[in-house]
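Respectively, the protein sequence lines represent chains C and F.
So the first sequence is numbered by this note's numbering: it starts at 2 and just counts up by one.
So the second sequence is numbered by this note's numbering: it starts at 1291 and just counts up by one.
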Amino acid sequence: MTRPSPRTQLIACLLLAGVGLALFFTGEYRDIPFPAGWVGTFLFVAAVWFFVDALHRIPHSEDEAAIAHGEWQAWIGVAFVGAVIVASLINADAFLLQVPIGQNPDAGAVGRHIGTLFVAWLVLAHVLKQRWSGKVLADERDARIELAASQWARFTTASCVIGIALMLGFSDTDRLREFSYLFIAQTLMLALLLGLWFDQLVAAFLYWRDRRAAAA
Amino acid sequence: MTGTPVGNQIRRLRFGRGEMTQQALADACAVTRQTIIALEAGRYAPSLGLAFCIAYALFVRIEDVFHWSKPE
Chain C
2 MTRPSPRTQL IACLLLAGVG LALFFTGEYR DIPFPAGWVG TFLFVAAVWF FVDALHRIPH
62 SEDEAAIAHG EWQAWIGVAF VGAVIVASLI NADAFLLQVP IGQNPDAGAV GRHIGTLFVA
122 WLVLAHVLKQ RWSGKVLADE RDARIELAAS QWARFTTASC VIGIALMLGF SDTDRLREFS
182 YLFIAQTLML ALLLGLWFDQ LVAAFLYWRD RRAAAA
Chain F
1291 MTGTPVGNQI RRLRFGRGEM TQQALADACA VTRQTIIALE AGRYAPSLGL AFCIAYALFV
1351 RIEDVFHWSK PE
C-alpha cells in the first residue's frame, strides 16, 4: 500500500485536530463512558505533532513563500489563543466555587487543558521556526507591525481591566459575595488573554492587508 | 502599513541588474522577501539604513532608487 502524500497527511492531521478540539471543548458535557476531554486533548496534541512532521516534509511552495514567517506565527497565535479563550469561557462556572484551586478538581482540569493548548502552541511555533532556519525571520517591517499590534493589544487589555473594575465597583454587596477569588482571578486572566489574542489578530490582519495590496 | 509617499524604482533596477530576484536582494540586505515585496508595491517606507543598503546592493545612488512624492 502506498503511503499517502504529505499534503494528504496534512489534511488528515487537520481533521484529527478538529475532532480533538471538538472533544476537548464539549467532551466533559457528554454522557459517554470515557474521559472525552482527555482523549480530545491527546488527539489534538498528537495531530499537531504529526501536522508539524508532515509540514516538515512538504517542500516550500511559492504560495507559502509569499507569506512571512511573522504572519504564519500570528495566524497560529490567533487560533490557539482563541481556543484558550473559548475553553476559559465554556468552563467559567468551574471557577465560581468558593474554594481554593487545590480543592477544586474541575478548575484544576480546566487549567491542565489550557496548559496543554499552550504547550502545543509553543511546540508548533518552535517547529515552524525550525522550518525557516537559515532565513531572515523578522526585520524592521515586522518590528513595525508588532509595534502597531502591541499598541492595540495594550488598549484592549486596559479596556478589559477598566471593564472588570467598573463591574466590581458597581456590583452590590450580595452580588459580590457570589464572585469567588478564583473567578475574579480567571476574569483578569481572560483580560490578558483577550489582549494577547488581539495582538495576534491585528498583526495577522496587517500582514494580510499588505500582502493582498502587494498582490493586487 | 498603509501606502507611503516614498516611491521607488527597485523592481526596474532589479531587472536591470540581470533579473536579480527579490530573495537575492532580501538576502543582501538581511530582510525578508516579503519586505522587498511590500517595498516594491509601495506599502512600506524603509528606514534610512535599509534604503542605503538597497541602493548599495543595486550599485546605484540612493536618490536613483527612492523618491518622495509630495502628498496632494
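Cβ atoms here follow ideal geometry from the backbone N, Cα and C, with glycine treated the same way.
Bear in mind that the values here come from a model prediction, so they are computed numbers and not experimental data.
C/Gly103 places its beta carbon 8 Å or farther from that of C/Gln201.
If you look at F/Gly1297, you'll find it in the beta strand (DSSP E) that goes Val1296 to Asn1298. By the criterion of a C-beta distance shorter than 7 Å, F/Trp1358 is surrounded in its chain by Pro1295 and Val1296, once the five residues flanking it on both sides are discounted. Straight across, the Cα-Cα distance linking F/Pro1336 with F/Leu1329 is about 7 Å. In this model, F/Ala1316 and C/Ser151 are separated by some 26 Å (Cα to Cα). By the neighbour-count criterion, in which 16 or more other beta carbons inside 10 Å mark a residue as buried, F/Leu1338 falls on the exposed side. Comparing C-alpha distances from C/Arg142 to each of F/Lys1360, F/Arg1307 and F/Thr1325 shows the shortest one belongs to F/Thr1325. Cβ neighbours of C/Gly41 within its own chain (closer than 6 Å, five residues either side excluded): Gly21, Leu24, Phe25 and Gly28.
Residues of the segment 1327-1345 of chain F with a C-beta atom less than 9 Å from some C-beta of chain C are Ile1327, Ala1328, Leu1329, Glu1330, Ala1331, Gly1332, Arg1333, Tyr1334, Pro1336, Ser1337, Gly1339 and Leu1340, listed in chain order.
In summary, the residues of the segment 1312-1324 of chain F whose CB is separated from some CB of chain C by less than 9 Å are Gln1313, Ala1316, Asp1317, Cys1319, Ala1320, Val1321, Thr1322, Arg1323 and Gln1324, in the order they occur in the chain. Taking 4 residues as the shortest admissible run, the segment 133-206 of chain C contains the following complete alpha helix (DSSP H) segments, listed from N- to C-terminal end: 141-171 and 174-179.
Closer than 8 Å to the CB of C/Arg142 there is at least one CB belonging to chain F. A Cβ of chain F is located within less than 8 Å of the beta carbon of C/Asp211. For the pair of segments examined, the segment 183-193 of chain C was found not to touch the segment 1305-1323 of chain F: the number of CB pairs separated by less than 8 Å stays below three. Taking a C-beta distance under 8 Å as the contact criterion, C/Ile163 and C/Ala204 do not qualify as a contact pair.
Linking C/Leu189 to C/Ile91 through their CA atoms gives a straight-line distance of about 16 Å. Per DSSP, the beta bridge partners of F/His1357 are F/Gly1297. Here the segment 154-173 of chain C does not lie against the segment 85-100 of chain C, with fewer than 3 beta-carbon pairs under 8 Å apart. At the C-beta level, C/Ser89 and C/Leu194 come within 8 Å of one another.
Note on C/Gln74: 16 or more other CB atoms within 10 angstroms of its CB, so buried under the neighbour-count rule. Distance check between C/Trp122 and each of C/Arg212, C/Arg210, C/Thr158 and C/Ala80 places C/Ala80 closest, using alpha-carbon atoms only. Taking the Cα of C/Phe119 as reference, the smallest distance to any Cα among C/Asp211, C/Leu16 and C/Phe45 is reached at C/Phe45.
Taking a 10 Å sphere around the C-beta of C/Val85, we find 16 or more other C-beta atoms and assign the residue as buried. Taking the CA atoms as reference points, C/Val124 sits about 9 Å from C/Val49.
By the C-beta density criterion, C/Phe171 is exposed, having fewer than 16 other C-beta atoms within 10 angstroms. Going by beta carbons, F/Cys1319 and F/Leu1348 fall outside the 8 Å limit.
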